[in-house]
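Beneath this line is the structure, given in structure tokens, with notes to follow.
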């Protein structure tokens, strides 16, 4: 069965809920968030620091296709193995404010699990801008006139 | 052969975007649409077929003529800016899942 990622972003709210069910036992899902070399593989990033404990911190650096480096970091507030990670997330050298993330890991069956990632932003505007980043990048890369066309078309409706 | 058309692929083509803009103001027949382009008529028909397959255009029988009009519902889908964000996470999580499955089988 194909499991799909679900995004709940209610209008006018500064929070976001990302939910995903995995065909993995809970322990393996959690491990993917804890082992630096595994995090590097699926996040496509370099892990400079990852302290999995209360009051720990982390720092990742990603290199984009143009060779530019982007840093991400945060503080781990709460770390409960196989259950919960509460942390902040900040994109370095961007105008975006730090965000607060509540990650909840849940066992569904012996071989399946669920992750709920509740993200709280500083403002509604911040959330909407971050939601739009991949959209904007997609538009720029593949169909840079898409947005214009959609807007023109919408104006006609 | 699977001819499922991707909406984004459909609007990546400049002629098809021009067709959508034309039809946005009023529904038109294939002939009327083609008369706006220097392109050969069969080429325009092919574009119309692609736009119809991905439901951006809807053909409507009007007496003996077929009028093409815009499908606003499908346009909204493109305008749904959350979808690329969702896809980004979906891809990441798919990767996580396949990496951990390999990891599991190595244990």
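Chains as they are written, first to last, in our numbering: chain A, 5 to 161; chain B, 457 to 563. The beta-carbon is built from N, C-alpha and C at its ideal position, and this holds for glycine as well.
Residue 109(A) carries a strand assignment under DSSP once its states are collapsed to helix, strand and coil. DSSP places residue 45(A) in the uninterrupted alpha helix (DSSP H) bounded by 40-47.
Straight through space, the alpha carbons of residue 530(B) and residue 511(B) are spaced by roughly 7 angstroms. Closest option to residue 90(A), judged by alpha-carbon separation, among 10(A), 103(A), 63(A): 103(A). Between the segment 10-23 of chain A and the segment 31-43 of chain A, the count of Cβ pairs shorter than 8 angstroms is below three; the stretches do not touch.
With a threshold of 8 angstroms between beta carbons, residue 517(B) makes no contact with chain A. Residue state for residue 57(A) is assigned as coil, using DSSP reduced to three classes. DSSP, reduced to helix, strand and coil, places residue 514(B) within a strand of the structure shown. In terms of beta-carbon proximity, residue 9(A) lines the interface with chain B, with at least one pair separated by less than 8 angstroms.
For residue 130(A), same chain residues with a beta-carbon under 8 angstroms away, outside a window of 5 residues either side, are 18, 100, 101, 103 in chain order. Contact fails between the segment 55-66 of chain A and the segment 104-117 of chain A, because fewer than three Cβ pairs, one in each stretch, are under 8 angstroms apart. Contact annotation for residue 26(A) against chain B: 549, 552, 553, 556 [CB-CB distance below 9 angstroms, chain order].
For residue 19(A), the enclosing beta strand (DSSP E) covers residues 19-26.
Residue state for residue 495(B) is assigned as coil, using DSSP reduced to three classes.
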